[in-house]
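Worksheet: the structure to be examined is printed underneath.
Residue numbers (the numbering used here): 193 to 295.
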(Lines of atoms letter the chains of each structure in order from A and count residues from 1; the text may use other names and numbers.)
(Lines give C-alpha, C1' and ligand atoms only; values in the text may rest on other atoms or scores of the structure.)
Protein backbone atom coordinates (compact mmCIF):
# COMPACT_ATOMS: atom_id res chain seq x y z
CA UNK A 1 0.00 0.00 0.00
CA UNK A 2 2.81 2.44 0.80
CA UNK A 3 4.47 1.84 -2.59
CA UNK A 4 1.14 2.69 -4.25
CA UNK A 5 1.00 5.98 -2.33
CA UNK A 6 4.60 6.67 -3.26
CA UNK A 7 3.83 6.11 -6.97
CA UNK A 8 0.71 8.29 -6.74
CA UNK A 9 2.70 11.03 -5.03
CA UNK A 10 5.30 10.86 -7.82
CA UNK A 11 2.59 11.08 -10.46
CA UNK A 12 1.00 14.03 -8.66
CA UNK A 13 4.34 15.83 -8.49
CA UNK A 14 4.93 15.22 -12.20
CA UNK A 15 1.45 16.44 -13.09
CA UNK A 16 1.86 19.49 -10.87
CA UNK A 17 5.13 20.43 -12.59
CA UNK A 18 3.54 19.99 -16.03
CA UNK A 19 0.52 22.11 -15.10
CA UNK A 20 2.79 24.82 -13.70
CA UNK A 21 4.80 24.70 -16.93
CA UNK A 22 1.62 25.04 -18.99
CA UNK A 23 0.45 28.00 -16.89
CA UNK A 24 3.84 29.64 -17.35
CA UNK A 25 3.68 29.06 -21.11
CA UNK A 26 0.18 30.57 -21.27
CA UNK A 27 1.40 33.61 -19.33
CA UNK A 28 4.33 34.07 -21.71
CA UNK A 29 2.10 33.69 -24.77
CA UNK A 30 -0.41 36.24 -23.51
CA UNK A 31 -3.33 33.85 -23.78
CA UNK A 32 -5.29 35.77 -21.13
CA UNK A 33 -5.14 38.97 -23.19
CA UNK A 34 -6.21 37.07 -26.32
CA UNK A 35 -9.17 35.51 -24.52
CA UNK A 36 -10.14 38.95 -23.22
CA UNK A 37 -10.07 40.31 -26.77
CA UNK A 38 -12.33 37.49 -27.96
CA UNK A 39 -14.76 38.27 -25.15
CA UNK A 40 -14.92 41.93 -26.20
CA UNK A 41 -15.26 41.98 -30.02
CA UNK A 42 -15.75 45.76 -30.22
CA UNK A 43 -12.33 46.31 -28.63
CA UNK A 44 -10.77 43.83 -31.07
CA UNK A 45 -12.45 45.63 -33.97
CA UNK A 46 -11.19 49.00 -32.71
CA UNK A 47 -7.62 47.75 -32.23
CA UNK A 48 -7.58 46.16 -35.69
CA UNK A 49 -8.94 49.35 -37.25
CA UNK A 50 -6.27 51.49 -35.58
CA UNK A 51 -3.46 49.08 -36.46
CA UNK A 52 -4.65 48.87 -40.07
CA UNK A 53 -4.70 52.65 -40.38
CA UNK A 54 -1.21 52.85 -38.89
CA UNK A 55 0.09 50.26 -41.36
CA UNK A 56 -1.54 52.08 -44.27
CA UNK A 57 -0.08 55.40 -43.15
CA UNK A 58 3.35 53.82 -42.78
CA UNK A 59 3.18 52.29 -46.24
CA UNK A 60 2.10 55.62 -47.75
CA UNK A 61 4.98 57.46 -46.07
CA UNK A 62 7.47 54.77 -47.11
CA UNK A 63 6.35 54.75 -50.74
CA UNK A 64 6.46 58.55 -50.82
CA UNK A 65 10.02 58.62 -49.49
CA UNK A 66 11.25 55.94 -51.88
CA UNK A 67 9.54 57.66 -54.83
CA UNK A 68 11.02 61.03 -53.87
CA UNK A 69 14.47 59.46 -53.63
CA UNK A 70 14.01 57.84 -57.06
CA UNK A 71 12.90 61.15 -58.61
CA UNK A 72 15.82 62.99 -56.99
CA UNK A 73 18.28 60.48 -58.43
CA UNK A 74 16.68 60.73 -61.89
CA UNK A 75 16.83 64.56 -61.76
CA UNK A 76 20.51 64.48 -60.83
CA UNK A 77 21.24 62.01 -63.60
CA UNK A 78 19.29 64.18 -66.05
CA UNK A 79 21.43 67.16 -65.04
CA UNK A 80 24.49 65.21 -66.18
CA UNK A 81 22.88 65.09 -69.64
CA UNK A 82 23.80 61.48 -70.30
CA UNK A 83 22.39 60.17 -73.60
CA UNK A 84 20.76 57.06 -72.09
CA UNK A 85 19.12 59.00 -69.27
CA UNK A 86 17.97 61.72 -71.68
CA UNK A 87 16.31 59.13 -73.92
CA UNK A 88 14.66 57.52 -70.89
CA UNK A 89 13.27 60.83 -69.66
CA UNK A 90 12.15 61.76 -73.19
CA UNK A 91 10.27 58.46 -73.50
CA UNK A 92 8.59 59.05 -70.14
CA UNK A 93 7.64 62.59 -71.21
CA UNK A 94 6.22 61.22 -74.47
CA UNK A 95 4.15 58.63 -72.62
CA UNK A 96 2.82 61.29 -70.24
CA UNK A 97 1.90 63.62 -73.12
CA UNK A 98 0.17 60.78 -74.96
CA UNK A 99 -1.81 59.77 -71.86
CA UNK A 100 -2.85 63.38 -71.26
CA UNK A 101 -4.12 63.77 -74.83
CA UNK A 102 -6.14 60.53 -74.85
CA UNK A 103 -9.70 61.12 -73.55
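The beta-carbon is built from N, C-alpha and C at its ideal position, and this holds for glycine as well.
Euclidean distance between Cα positions of residue i and residue j
{"i": "residue 289", "j": "residue 244", "result": "37 Å"}
{"i": "residue 222", "j": "residue 229", "result": "11 Å"}
{"i": "residue 226", "j": "residue 210", "result": "22 Å"}
{"i": "residue 259", "j": "residue 282", "result": "19 Å"}
{"i": "residue 294", "j": "residue 287", "result": "11 Å"}
{"i": "residue 267", "j": "residue 275", "result": "14 Å"}
{"i": "residue 238", "j": "residue 246", "result": "12 Å"}
{"i": "residue 217", "j": "residue 224", "result": "11 Å"}
{"i": "residue 240", "j": "residue 205", "result": "42 Å"}
{"i": "residue 202", "j": "residue 248", "result": "55 Å"}
{"i": "residue 279", "j": "residue 252", "result": "30 Å"}
{"i": "residue 208", "j": "residue 220", "result": "18 Å"}
{"i": "residue 214", "j": "residue 232", "result": "25 Å"}
Extent of the continuous alpha helix (DSSP H) run through residue i
{"i": "residue 263", "result": "233-271"}
{"i": "residue 286", "result": "275-293"}
Rounded distance between the beta-carbons of residue j and residue i, thought under 8 Å
{"i": "residue 270", "j": "residue 277", "result": "6 Å"}
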